[in-house]
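In my numbering, the protein residues as written are 110 to 456.
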């Protein structure tokens, strides 16, 4: 048989072997991050060391969603280490975080670049533009997760689904969030409230309303009216006792159990409907407080709906739903008592 006849099948076999090897090893790829940057990434299986120096606990919550907590190489910031019981879900998902070195602190979250270099991350997530530039200038492969509003949470999940090559996981979370929104909308449309209950997320000591983009979104989509109105584009709003009295919220959500108790004794608030009716509540706290930029936005909607409309959602078992959420999306098993503590604002 002519040599050429042997060459063709041998060439085909060689190409098939090369293709199989490439598939097994994976191929380099790119993603467009939330800052519009194109980032070259190794195959998902080669992302073994992940750093979250910017917005550490919030970014961690997204990393945990994709089962990558064990790949985190930087520890929790010192302000969290000083309150371990309040932030215990972080170390429940990734125990090594309690021992690994911290590389940044809020509010600026500027990374200690020397420490970060020693950790040899394959990938770094960052939030703020200045931090992204600083990390990039030192050669870190950096993916931007940019948080501006509640929709940024869904977008962050979708981005990490691409980064970790887990699009089905991202779709599953998106479907759950949509189902929660539809459930609340259907229940409220059955008998619309007129007027809607007014609510505000409040930091008591500073008398500020923080996290306006997410807290306001939660209140609105749970059927309430966020007050003060017409504050789009403002992250933290300074309030006055006079402004609060003019708005007279029916529900006040605060940072902690301690703040909730103080609110009832605060002379600045004593004339408010929420205080008179004892409707001041601490925000639930999981990986982060549930008003923040994390995938916990989904169960937070259920909590907010039950808080604003206790009668209409009386049959909603928040303890059961909380246990199911963390088991389904994080592989974290909570007892009923642990779920109740979380819903009550943690220790």
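Glycine residues also receive a C-beta, built at the ideal position from the N, C-alpha and C atoms.
*In the structure shown, what three-state DSSP assignment does residue 265 receive?*
For residue 265, the three-state secondary structure derived from DSSP is helix.
- Expected contact under 8 Å - CB spacing of residue 174 and residue 282 to nearest Å: The beta-carbon distance between residue 174 and residue 282, rounded to whole angstroms, is 7 Å. This is short enough to meet the 8 Å contact definition.
Spatial distance of residue 172 from residue 215 (CA atoms) | Approximately 19 Å, taken between the alpha carbons.
For residue 337 and residue 352, the rounded distance between their alpha carbons
Straight across, the Cα-Cα distance linking residue 352 with residue 337 is about 8 Å.
Practice problem: Closer than 8 Å by C-beta to residue 453: which residues in its own chain qualify, once you throw out the five before and the five after it? Chain order, please. | Solution: Counting only residues of its own chain and dropping the five nearest sequence neighbours on each side, residue 453 has a CB closer than 8 Å to the CB of 366, 391, 393.
Are residue 170 and residue 403 touching if we call contact CB-CB under 8 Å?
Going by C-beta atoms, residue 170 is nearer than 8 Å to residue 403.
- Can you give, in chain order, each stretch of the alpha helix (DSSP H) that sits fully within the stretch 311-370 and has at least 4 residues? Counting only runs of 4 or more, we get 321-330, 350-356.
Let me check understanding here. Comparing Cα to Cα, which of 410, 145, 224 lies closest to residue 288? Among 410, 145, 224, the Cα nearest to that of residue 288 is on 410.
Excluding the 5 residues preceding and the 5 following residue 142 in the sequence, name in chain order all residues of the same chain whose CB lies nearer than 6 Å to its CB.
Closer than 6 Å at Cβ, skipping near neighbours: 148, 252, 253.
For the stretch 234-250 against the stretch 154-163, are there 3 or more C-beta pairs whose distance is under 8 Å? Remark: three or more beta-carbon pairs, one from each stretch, lie closer than 8 Å, so the stretch 234-250 and the stretch 154-163 are flagged as touching.
Beta-carbon separation (whole angstroms), residue 213 vs residue 220, contact threshold 8 Å: In this structure, residue 213 and residue 220 form a Cβ contact; the two beta carbons are roughly 5 Å apart against a cut-off of 8 Å.
* Give the single residue among 272, 158, 222, 260 whose Cα lies nearest to the Cα of residue 138. => That would be 272, whose Cα lies nearest to the Cα of residue 138.
- Task: Would you mind working out which of 389, 383, 177, 146 sits nearest residue 278, comparing C-alpha positions?
- Result: The shortest Cα separation from residue 278 among 389, 383, 177, 146 belongs to 177.
When the Cα of residue 439 is compared with those of 395, 424, 324, 412, which residue comes out closest? For residue 439, the nearest C-alpha among the options comes from 395.
- Query: According to the Cβ coordinates, are residue 211 and residue 185 closer than 8 Å?
  - Reply: Residue 211 places its beta carbon less than 8 Å from that of residue 185.
Which residue wins for smallest C-alpha separation from residue 299, given the options 145, 346, 421? Proximity to residue 299 across 145, 346, 421 peaks at 421, based on C-alpha coordinates.
Helix or strand or just coil, what does DSSP make of residue 376? If DSSP states are grouped into helix, strand and coil, residue 376 belongs with coil.
### Task
Find out if the Cβ-Cβ distance for the pair residue 332, residue 302 is shorter than 8 Å.
Contact flag set, yes.
Query raised in the report: Which residue spans inside the stretch 129-213 form an unbroken alpha helix (DSSP H) run of at least 4?
Result: Fully enclosed alpha helix (DSSP H) runs of 4 or longer: 165-174, 187-190, 197-202.
Worksheet item: Would you call residue 343 buried or exposed, if buried means 16 or more other Cβ atoms sit within 10 Å of its Cβ?
Response: It counts as exposed.
| CB residue 413 to CB residue 328, shorter than 8 Å? | Yes, they are a contact pair.
Tell me where the alpha helix (DSSP H) around residue 235 begins and ends. From DSSP, residue 235 is part of no alpha helix (DSSP H) but of the beta strand (DSSP E) over 232-235.
message = According to DSSP, residue 391 sits in a beta bridge with which residue or residues?
response = Residue pairing by DSSP puts residue 391 in a beta bridge opposite 363.
Residue 251 in three-state terms, based on DSSP: Note: residue 251 maps to strand in three-state DSSP.
Where does residue 407 land, buried or exposed, given buried means 16+ other C-beta within 10 angstroms? With 16 or more other Cβ atoms inside 10 Å of its own Cβ, residue 407 counts as buried.
Original post:
Taking the alpha helix (DSSP H) that residue 438 falls in, what are its first and last residues?
Top reply: Per DSSP, residue 438 belongs to the alpha helix (DSSP H) from 427-439.
Q) For residue 238, which three-state DSSP category applies? A) Helix.
Neighbour-count burial assignment, residue 199, 16 or more Cβ in a 10 Å radius: Burial call: buried.
| field | Proximity of residue 334 and residue 305 at Cβ, strictly below 8 Å | value | Yes, the Cβ-Cβ distance between residue 334 and residue 305 is below 8 Å.
Within the same chain, show all residues whose beta-carbon is closer than 6 Å to that of residue 322, passing over the 5 residues directly before and after it, in chain order. Counting only Cβ-Cβ distances below 6 Å, and skipping sequence neighbours, we find 258.
Residue span of the alpha helix (DSSP H) that contains residue 276, given as start and end: 276-298 is the span of the alpha helix (DSSP H), which, as asked, contains residue 276.
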